[in-house]
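Each residue of the sequence shown is one higher than the last, beginning at 2 in our numbering.
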Amino acid sequence: MAKHQEAAMALLTAGVPLKPREGQFLGGVAFDANPLSEKQRSWLVILLDRHGLPPLADGGTA
Numbered sequence: 002m003a004k005h006q007e008a009a010m011a012l013l014t015a016g017v018p019l020k021p022r023e024g025q026f027l028g029g030v031a032f033d034a035n036p037l038s039e040k041q042r043s044w045l046v047i048l049l050d051r052h053g054l055p056p057l058a059d060g061g062t063a
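Listed below in structure tokens is the structure:
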């Protein structure tokens, strides 16, 4: 499982309040092992920070 998939799953299962669009985005990211676009990566980083989860490691597959 790619790092971005793990991060998305962590957000989905953390019990944090998510907007429907955030949940849809995270579900797609959790499912797709392909590399994220820069915009997708940016939004994932923002969501991780907003909900107090650790950031993605630089240089990974996300």
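Using N, Cα and C, we set each Cβ at its ideal position, and we do this for glycine too. Model, not experiment: these values are computed from the prediction.
Nearest-angstrom Cα separation, counted from residue j out to residue i
i: Lys4; j: Asn35; result: 11 Å
i: Phe26; j: Leu37; result: 12 Å
i: Leu54; j: Arg42; result: 15 Å
i: Arg22; j: Val30; result: 12 Å
i: Glu39; j: Leu49; result: 15 Å
Selection from the options that minimises the alpha carbon distance to residue i
i: Phe32; options: Pro56, Met10, Pro21; result: Met10
i: Arg51; options: Val30, Glu7, Met2, Lys20; result: Lys20
Sequence-distant residues of its chain with Cβ nearer than 8 Å to residue i (five each side left out)
i: Val46; result: Pro56, Leu57
Enclosing alpha helix (DSSP H) for residue i [first to last residue]
i: Ser38; result: Per DSSP, Ser38 belongs to no alpha helix (DSSP H) and is neither H nor E.
i: Lys4; result: 4-14
Other residues of its chain near residue i: CB distance less than 6 Å, five sequence neighbours each side excluded
i: Val17; result: His52
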